[in-house]
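Mind the numbering: the sequence shown is residues 86 to 231 in this note's numbering, read in order.
For glycine and all other residues, C-beta sits at the position ideal for the given N, C-alpha and C.
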Amino acid sequence: MRLVERHIIQKNNRFYPEIDRLCFLSKNLYNYANYLVRQSWIFEKTNNSYYDLQKTLSTQADYQAMPAKVSQQILMILDRNWKSFLAANEVYKQNPSKFNARPRLPRYKNKITGRNIVVYTTQAISKKQLKQGIINPSKTGIYLKT
Numbered sequence: 086m087r088l089v090e091r092h093i094i095q096k097n098n099r100f101y102p103e104i105d106r107l108c109f110l111s112k113n114l115y116n117y118a119n120y121l122v123r124q125s126w127i128f129e130k131t132n133n134s135y136y137d138l139q140k141t142l143s144t145q146a147d148y149q150a151m152p153a154k155v156s157q158q159i160l161m162i163l164d165r166n167w168k169s170f171l172a173a174n175e176v177y178k179q180n181p182s183k184f185n186a187r188p189r190l191p192r193y194k195n196k197i198t199g200r201n202i203v204v205y206t207t208q209a210i211s212k213k214q215l216k217q218g219i220i221n222p223s224k225t226g227i228y229l230k231t
């Protein structure tokens with residue numbers, strides 16, 4: 086059994102601006118990667134894999150502004166969204182009556198107000214702080230008690 090902690094940070098919390106910045110960077114990376122996948126699927130009829138995306142985007146500023154593990158999680162989420170879309174599209178071709186409408190491409194997040202999830206795995210959290218009962222996500226000044 087894996088234990089998971091979820092921390093909801095309100096707008097009045099002192100860590101909110103930093104978390105908001107991370108979510109904004111996450112949205113930028115998600116949208117850019119989504120753009121690349123969309124273009125290759127629409128014009129070349131090919132689907133970029135997660136590994137292709139990671140190799141292509143590893144030099145991008147938004148990718149590097151976050152820990153690599155976090156950026157990889159964002160790309161994995163996008164890859165899962167595209168796989169779901171492609172699977173739904175195949176089912177739609179076989180039996181359109183199962184759907185109300187044709188499956189749509191994964192959408193972009195709003196450019197200004199949009200935010201995306203930021204997933205910190207155990208590899209992206211400070212081990213020293215964790216032993217003391219404090220969660221300190223890498224590349225941040227955020228400290229939360231467990």
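DSSP three-state label for residue i, please.
i	result
L88	coil
P222	strand
I202	coil
I197	coil
M151	coil
R99	coil
N180	coil
N113	helix
W94	Correcting the residue identity first, residue 94 is Ile in this sequence and not Trp. Three-state DSSP puts I94 in coil, outside helix and strand.
Within 10 Å of its beta-carbon, does residue i have 16 or more other beta-carbons around it, so buried, or fewer, so exposed?
i	result
Q124	exposed
N97	exposed
T144	exposed
N116	buried
A146	exposed
V155	buried
P281	Because the chain here runs from 86 to 231, residue 281 falls outside it and cannot be looked at.
Can you tell me the Cβ-Cβ gap for residue i and residue j, rounded? I've got them flagged as a contact below 8 Å.
i	j	result
N201	K112	4 Å
W167	N132	7 Å
P152	K212	Actually they are not in contact, since the Cβ atoms of P152 and K212 sit about 14 Å apart, beyond 8 Å.
L171	N119	That pair is no contact at about 14 Å.
I93	I227	About 14 Å; that fails the 8 Å criterion.
Taking the alpha carbon of residue i as the point to measure from, which residue in the options has its own alpha carbon closest?
i	options	result
V89	Q214, E129 and T207	T207
N174	Y228, L190, R165 and M161	L190
L142	Q158, L229, F184 and Q95	Q158
F232	K183, I197 and A186	Here the chain has residues from 86 to 231 only, and residue 232 is not among them.
K216	G226, K230 and Y205	K230
L160	Q95, V203 and G199	V203
A150	S182, R106 and F128	R106
N185	Y193, V176 and R192	V176
D137	E129, I127 and L121	L121
Y193	F100, L114 and Q95	L114
Name the one or two DSSP bridge partners that residue i has.
i	result
L190	Answer by DSSP bridge pairing: none, since L190 is not bridged.
L229	I220
I210	P222
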